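Number of protein chains: 2
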Amino acid sequence: MNRLMLDLGIIKLASPGIFHLLPLGIRALEKLKSLIDKEMHKINAQRLALPALTPAELWEKTELFTLTDRHKNLYILSPTHEEAITDLLASIAPLSYKNFPLRLYQITSKYRDEMKSRFGLMRGRQFLMKDLYTFDIDMENAEQTYSEIIKSYENILTKLGIGFSQVLAATGNIGGLISHEFHYTADVGEDKLLFCSNCNYKGNVEISGQDYCPQCKSTKIIVRNGIEVAHTFLLGDKYSKSLNATYLDRNGLIANLQMGCYGLGISRILGAAVEVLSLEQELRWPLVLAPYKVVIIAPKGGSKEEVLTSGLDQELYDNIDKLDGYTGNILLDDRNHLTIGKRYLEARRMGYPYIIVIGSKATETNPLYELNEILTNKQHFLDKNELLQHFRSIQ
Amino acid sequence: MNRLMLDLGIIKLASPGIFHLLPLGIRALEKLKSLIDKEMHKINAQRLALPALTPAELWEKTELFTLTDRHKNLYILSPTHEEAITDLLASIAPLSYKNFPLRLYQITSKYRDEMKSRFGLMRGRQFLMKDLYTFDIDMENAEQTYSEIIKSYENILTKLGIGFSQVLAATGNIGGLISHEFHYTADVGEDKLLFCSNCNYKGNVEISGQDYCPQCKSTKIIVRNGIEVAHTFLLGDKYSKSLNATYLDRNGLIANLQMGCYGLGISRILGAAVEVLSLEQELRWPLVLAPYKVVIIAPKGGSKEEVLTSGLDQELYDNIDKLDGYTGNILLDDRNHLTIGKRYLEARRMGYPYIIVIGSKATETNPLYELNEILTNKQHFLDKNELLQHFRSIQ
Numbered sequence: 001m002n003r004l005m006l007d008l009g010i011i012k013l014a015s016p017g018i019f020h021l022l023p024l025g026i027r028a029l030e031k032l033k034s035l036i037d038k039e040m041h042k043i044n045a046q047r048l049a050l051p052a053l054t055p056a057e058l059w060e061k062t063e064l065f066t067l068t069d070r071h072k073n074l075y076i077l078s079p080t081h082e083e084a085i086t087d088l089l090a091s092i093a094p095l096s097y098k099n100f101p102l103r104l105y106q107i108t109s110k111y112r113d114e115m116k117s118r119f120g121l122m123r124g125r126q127f128l129m130k131d132l133y134t135f136d137i138d139m140e141n142a143e144q145t146y147s148e149i150i151k152s153y154e155n156i157l158t159k160l161g162i163g164f165s166q167v168l169a170a171t172g173n174i175g176g177l178i179s180h181e182f183h184y185t186a187d188v189g190e191d192k193l194l195f196c197s198n199c200n201y202k203g204n205v206e207i208s209g210q211d212y213c214p215q216c217k218s219t220k221i222i223v224r225n226g227i228e229v230a231h232t233f234l235l236g237d238k239y240s241k242s243l244n245a246t247y248l249d250r251n252g253l254i255a256n257l258q259m260g261c262y263g264l265g266i267s268r269i270l271g272a273a274v275e276v277l278s279l280e281q282e283l284r285w286p287l288v289l290a291p292y293k294v295v296i297i298a299p300k301g302g303s304k305e306e307v308l309t310s311g312l313d314q315e316l317y318d319n320i321d322k323l324d325g326y327t328g329n330i331l332l333d334d335r336n337h338l339t340i341g342k343r344y345l346e347a348r349r350m351g352y353p354y355i356i357v358i359g360s361k362a363t364e365t366n367p368l369y370e371l372n373e374i375l376t377n378k379q380h381f382l383d384k385n386e387l388l389q390h391f392r393s394i395q
Numbered sequence: 001m002n003r004l005m006l007d008l009g010i011i012k013l014a015s016p017g018i019f020h021l022l023p024l025g026i027r028a029l030e031k032l033k034s035l036i037d038k039e040m041h042k043i044n045a046q047r048l049a050l051p052a053l054t055p056a057e058l059w060e061k062t063e064l065f066t067l068t069d070r071h072k073n074l075y076i077l078s079p080t081h082e083e084a085i086t087d088l089l090a091s092i093a094p095l096s097y098k099n100f101p102l103r104l105y106q107i108t109s110k111y112r113d114e115m116k117s118r119f120g121l122m123r124g125r126q127f128l129m130k131d132l133y134t135f136d137i138d139m140e141n142a143e144q145t146y147s148e149i150i151k152s153y154e155n156i157l158t159k160l161g162i163g164f165s166q167v168l169a170a171t172g173n174i175g176g177l178i179s180h181e182f183h184y185t186a187d188v189g190e191d192k193l194l195f196c197s198n199c200n201y202k203g204n205v206e207i208s209g210q211d212y213c214p215q216c217k218s219t220k221i222i223v224r225n226g227i228e229v230a231h232t233f234l235l236g237d238k239y240s241k242s243l244n245a246t247y248l249d250r251n252g253l254i255a256n257l258q259m260g261c262y263g264l265g266i267s268r269i270l271g272a273a274v275e276v277l278s279l280e281q282e283l284r285w286p287l288v289l290a291p292y293k294v295v296i297i298a299p300k301g302g303s304k305e306e307v308l309t310s311g312l313d314q315e316l317y318d319n320i321d322k323l324d325g326y327t328g329n330i331l332l333d334d335r336n337h338l339t340i341g342k343r344y345l346e347a348r349r350m351g352y353p354y355i356i357v358i359g360s361k362a363t364e365t366n367p368l369y370e371l372n373e374i375l376t377n378k379q380h381f382l383d384k385n386e387l388l389q390h391f392r393s394i395q
C-alpha cells in the first residue's frame with residue numbers, strides 16, 4: 001500500500017540550473033517515459049542509450065561542458081547525439097536496404113552549459129531529453145518517416161492534454177533540410193511564434209520576422225510567446241555523408257542513408273506543463289502525469305469519525321487500487337496526527353486530481369465519501385459503489 | 001507485435017570504458033530496474049534522482065572527472081551521492097522523529113575516471129548504479145534498517161538466480177561502522193574472498209589477509225576471486241554530523257540522523273551475470289533479465305512449410321503473448337530470406353531461453369512445434385495447447 005510518508009516534493013535546486021528530482025517528480029517523469037515508450041513501440045522504434053561522456057574530436061560548439069580525463073583526452077558531456085548515432089551506424093555499415101527504415105531513440109540526461117539557466121526545469125544545465133534518430137534508404141522514405149514521427153509526437157502531446165502548436169523552425173546548428181518545433185504558448189516562453197490568420201502559416205519568428213506573414217505577406221498575424229517542447233529535423237545526408245553511414249541498395253551499390261532527428265524535452269515538458277496548468281497556490285498536473293491520481297484522507301486520530309469508520313480507508317484503498325488505470329496510483333494519507341483540513345490543503349497544493357475525504361457522512365449506516373474533483377472543481381458525496389462506478393466511468 | 005528487426009546487439013564500446021547500450025541491452029537493464037523498483041516498494045523506499053553534475057567543494061578524491069563551467073566554477077561528475085543526499089536532508093532539517101525511517105534511492109549514471117577500465121560493463125567509466133540511502137533516529141533503528149536492506153538485496157540477487165556470497169568488507173573511502181559486499185565468485189573477479197570452512201567466516205581479504213581465518217585463526221580456508229555486485233555501509237552519523245542532517249526527537253531536542261548507504265551495480269550485474277552464465281559461443285541470461293523470453297522462427301520463404309503453415313506463426317505469437325509473464329516478451333523472427341538454421345544459431349548466440357521452430361512437423365494435421373529449452377538443453381515437439389500449457393507451468 002502507498003502511504004503518504006515524508007513528502008519531499010517534486011524538484012529542488014541543487015546548484016544553478018541543476019535539480020534534484022524528488023519522489024513525486026520522479027513518478028511524473030516515469031509516467032511520461034512510459035507513455036513515450038508505448039508510442040515509440042507503435043512505430044517500431046527501438047530504445048537504446050548512448051553515453052553522456054563523448055570524445056570531443058567531432059565537436060566545435062559553444063555551450064558545451066568539456067573535461068579532460070586522467071590521460072589528458074578531451075571529452076564533452078553531450079547535449080545531443082547525431083554524431084554518436086551516425087558513427088554507430090557507420091561502424092556496422094553497409095547494412096542491406098532490407099534493414100530499413102530503422103528508428104532508434106533514447107531517454108537520457110543531457111548537458112548544456114547555459115549562460116543563464118532559468119525557469120526551473122524548463123532551461124536547466126542537466127536535463128532529461130528523449131531523442132529519436134531515423135534512417136531511411138532515400139529521401140522519399142525519409143520524408144514519409146518524418147511525417148509519421150510528427151504524427152507520433154502529436155499523439156504524445158495530445159495525451160498530455162495541453163494545447164500545443166506546431167511551427168516551422170530554423171534548422172540552426174543541427175542543420176538539415178526542414179525543421180519544426182512544437183510549442184506550448186505561454187507568457188513565460190522564450191520563443192516568439194507568428195500565427196497568420198489569413199493563410200494559417202505558423203512559424204518561429206527567428207526564420208520569419210514578426211511584421212507580416214512570410215508565406216502570404218498578410219499583416220493579419222498574431223505573435224505569441226512559446227515554450228519549445230519538441231524539435232524535429234529532416235536531416236538528409238548531412239551526417240551520414242561525412243561519417244560514412246551507408247547501406248547496400250537493391251543493386252548491391254553503396255549509398256548514403258537519409259536521416260531525421262527528433263527531440264522531446266522530458267524534464268522541460270514536466271516543468272512547462274505544470275507552469276501552464278497551475279494556479280498560484282495549487283499545482284496542476286496533466287492527468288496522465290499526476291504522481292498519484294487519488295489521495296484518500298483518513299480521519300484525525302482520536303475523533304469520533306476515526307472510531308466509527310475504522311477499516312473503511314483500507315477497504316476503499318484496496319477497491320480503487322483494483323480498478324484499471326488506478327493500480328499503484330492511489331495514496332493513503334493516514335498521518336492522523338494532522339487535521340483533515342491541513343492534509344486537504346496540502347493535497348490541493350500538490351495537485352492530486354482526486355481527493356477523497358473520509359468525514360462525518362462516512363459514519364452513517366451507508367457510508368458516504370466526499371470526492372473532490374480538483375480539475376472540474378466539483379464535490380460529490382458517494383457511497384462505495386457509486387465512487388467505484390464514478391472512477392470506472394471517467395477512466 | 002515484436003518482430004525481429006535489425007539486431008543491433010547488446011552493448012558496443014563507444015570510447016575506453018564507455019559503452020553504447022543497444023536495444024537488447026536496454027531491455028535487460030529495464031527488467032533489472034523494474035525488479036529493483038518492486039523490491040524497493042516493499043520496504044517503503046522512495047525513488048528520486050540526484051544530478052550527476054555536483055559542485056566540487058565537498059570533494060577531495062582521486063578517480064573523479066572534474067570540470068569547470070563557463071563561470072569557472074568547479075564541478076565533478078559524481079560517482080556516489082552520500083554528500084548530496086545528506087545535504088538535501090539537512091536543507092529540510094530538522095524534521096520530526098515521526099518521519100523516520102526514511103529510505104531514498106536512485107538508479108542513475110555514475111562516473112569514475114578509472115586508471116584502467118576493463119572487463120566491459122564490469123568496470124566502466126560511465127556506469128549505471130542503484131544507490132539507496134537510509135535515515136534513522138538512532139543506532140538501534142539504523143542497525144535494524146541495515147539488516148532489512150541486506151535481506152532486500154539478497155531477495156533481488158536471489159531472483160537473478162546466480163549464486164552469490166555476502167562477505168565482510170572494508171569501509172574504505174565511504175567510511176562508517178560496518179560494511180558488507182555481495183559477490184559473484186568468478187575467475188575474472190578482481191577481489192579475493194576468504195571463506196573459512198571451520199567457523200563459516202566470509203570476508204574480503206583486503207581486511208583479513210589470506211593466510212588464516214581472522215575470526216577463528218583456522219587455516220581451513222578457501223580463497224576465491226569475486227566480482228563485487230553490491231556494497232552496503234552502516235554509516236552512523238559520519239555524514240549527518242558534518243553536514244547537519246538533524247531531526248527533532250520526542251522531547252523536542254535536536255539530534256543527528258543515523259545513516260546507511262547501499263550500492264547495487266546495475267550495469268555491472270548485467271555484465272557479470274552474462275560473464276558467469278555464458279558459454280564460449282552462446283550468451284546466457286538470468287531468465288528474469290533475458291531481453292525476450294521466447295523467439296519464434298517462422299519457415300523460410302518459398303519453402304513448402306511456409307505454404308502449409310501460413311498464419312500459424314502469428315496465431316502462436318498472439319497466444320503466447322497473452323500468457324501471464326510473457327506479454328511483450330516474445331519475438332517473431334520472420335526474416336524469411338534467411339534459413340531456419342541460420343536464424344536458430346543466431347537466436348542461440350543471443351541467448352533467448354526458449355526458441356520455437358515452425359518446421360516440417362508443423363505441416364501435419366495436428367501441427368507440432370519444436371520447442372528448444374536452451375537452459376536445460378531439452379527439445380520437445382508439442383502441439384499448440386501442450387506448448388501453452390508448458391509455458392504456463394514453468395512460469
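As you go down the protein sequences, you meet chains D and H in turn.
The opening residue of the first sequence carries number 1 in the UniProt record's numbering; numbering runs sequentially from there.
The opening residue of the second sequence carries number 1 in the UniProt record's numbering; numbering runs sequentially from there.
C-beta: ideal position from N, C-alpha, C; glycine also.
In this text the structure is predicted, and so the values were computed from the model without any measurement.
Going by C-alpha to C-alpha distance, which of the options sits closest to residue i?
i       : options                               : result
L338(D) : G351(D), E306(D), G9(D) and Y354(D)   : E306(D)
I356(D) : K116(D), A56(D) and H380(D)           : H380(D)
N230(H) : Y75(H), Q166(H), K293(H) and R250(H)  : The sequence given here has Ala at residue 230(H), not Asn. Cα-wise, what sits closest to A230(H) is Q166(H).
Y352(H) : E39(H), A90(H), V294(H) and F135(H)   : V294(H)
M350(H) : R284(H), L168(H) and A272(H)          : R284(H)
A170(D) : L193(D), F182(D) and E206(D)          : E206(D)
A56(H)  : Y75(H), D249(H), L48(H) and I18(H)    : Y75(H)
S147(H) : L67(H), E386(H) and T134(H)           : T134(H)
G17(D)  : I11(H), E370(H), T54(H) and D136(H)   : T54(H)
D7(D)   : P367(H), F100(H), E190(H) and E282(H) : F100(H)
D321(D) : H81(D), F164(D) and F391(D)           : F391(D)
Q126(H) : P23(H), K38(H), E280(H) and Y111(H)   : Y111(H)
T185(H) : L388(H), E346(H) and A273(H)          : A273(H)
L13(D)  : S91(H), K38(H), K42(H) and S34(H)     : S91(H)
S240(D) : A142(D), G302(D), G263(D) and K300(D) : A142(D)
E373(H) : S360(H), I394(H), T363(H) and E364(H) : I394(H)
L287(H) : L270(H), I296(H), Q281(H) and Q144(H) : L270(H)
K42(D)  : G252(D), I254(D) and R103(D)          : R103(D)
R224(D) : G189(D), G252(D), D211(D) and F233(D) : G189(D)
Just mark residue i as buried or exposed, buried being the case when its beta carbon has 16 or more other beta carbons within 10 Å.
i       : result
K98(H)  : exposed
I358(H) : buried
D318(D) : exposed
M40(D)  : buried
D187(H) : exposed
R118(H) : exposed
T345(H) : The displayed chain sequence assigns Leu, not Thr, to residue 345(H). It is exposed - the Cβ of L345(H) has fewer than 16 other Cβ atoms within 10 Å.
Pull up the CB-CB distance for residue i and residue j, whole angstroms please, since I reckon it's below 8 Å.
i       : j       : result
Y292(H) : N2(H)   : 7 Å
A49(D)  : I266(H) : With a Cβ gap of about 12 Å, A49(D) and I266(H) do not count as contacting.
L4(D)   : L331(D) : 5 Å
I156(H) : L35(H)  : 7 Å
Is there at least one Cβ from chain A nearer than 9 Å to residue i's Cβ?
i      : result
F19(D) : Included in the structure are the protein chains D and H, with no chain A among them.
Do the region 151-171 of chain D and the region 99-108 of chain H touch if we need at least three Cβ pairs shorter than 8 Å? no
Using 8 Å as the Cβ pair cut-off and three pairs as the minimum, do the region 324-331 of chain H and the region 246-259 of chain H touch? no
Along the region 318-341 of chain D, where does the CB come closer than 9 Å to a CB of chain H? Name the residues. G328, R335 and H337
Of the residues that make up the region 263-278 of chain D, which ones have a beta carbon closer than 9 Å to any beta carbon in chain H? none
Positions along the region 360-379 of chain D whose CB lies within less than 9 Å of some CB in chain H: none
So, does the region 81-99 of chain H touch the region 242-250 of chain H, judging by three or more C-beta pairs under 8 Å? yes
Residues of the region 38-49 of chain D whose Cβ lies closer than 8 Å to any Cβ of chain H, in chain order: N44, Q46, R47, L48 and A49
Looking at C-beta atoms only, is the number of pairs between the region 205-223 of chain D and the region 181-188 of chain D that lie closer than 8 Å three or more? no
Inter-stretch contact (C-beta, 8 Å, three-pair minimum) for the region 193-200 of chain D and the region 214-226 of chain D: yes
Please identify, using Cβ separations under 8 Å, the residues of the region 114-127 of chain D that lie next to chain H, in order along the chain. M115, R125 and Q126
When Cβ atoms are compared, which residues of the region 64-81 of chain H fall closer than 9 Å to chain D? F65, T66, L67, T68, D69, R70, H71, N73, Y75 and L77
Along the region 129-143 of chain D, where does the CB come closer than 9 Å to a CB of chain H? Name the residues. none
Of all the residues that make up the region 282-307 of chain D, which are near chain H by a beta-carbon distance shorter than 7 Å? none
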